[in-house]
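Residue numbers (this note's numbering): 1 to 74. Quick reminder that beta carbons are idealized off the backbone N, C-alpha and C, glycines included. All values reported here derive from a predicted model rather than from experimental measurement.
Put into structure tokens, the structure is as follows:
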């Protein structure tokens, strides 16, 4: 039996925001490896609607600091 696969495409603007965040906060660290660790979670949150994010208590602009906060200081 084959399971269904759902594919959603989200705007790539969040990738630019992630690159900027990593440049500002991951001095001397391997930003690629750090962002790769959290990539799936970032994608899932960016695929949510703004009301769904509000239920989590975050806005779309706060997704990256929210996800990376356990790894990098704000």
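Spatially closest choice to residue i from the options, by CA coordinates
{"i": "residue 48", "options": "38, 37 and 60", "result": "60"}
Assumed close pair residue i, residue j - CB separation to whole angstroms, cut-off 8 Å
{"i": "residue 45", "j": "residue 71", "result": "Going by Cβ atoms, the distance from residue 45 to residue 71 rounds to 15 Å, so no, they are not a contact pair."}
Proximal residues to residue i (C-beta, below 8 Å), its chain only, five neighbours per side dropped
{"i": "residue 38", "result": "67, 68 and 71"}
{"i": "residue 50", "result": "59 and 60"}
Beta-carbon proximity check, residue i vs residue j, cutoff 9 Å
{"i": "residue 17", "j": "residue 64", "result": "yes"}
{"i": "residue 14", "j": "residue 42", "result": "yes"}
Below-9 Å beta-carbon distance, residue i vs any chain D residue
{"i": "residue 22", "result": "As a matter of chain content, chain D is missing from the structure shown, which is built from one protein chain."}
Neighbourhood of residue i by C-beta, 6 Å cutoff - its chain only, sequence neighbours within 5 removed
{"i": "residue 21", "result": "64"}
Exposure of residue i, with buried meaning 16 or more beta-carbon neighbours within 10 Å
{"i": "residue 55", "result": "exposed"}
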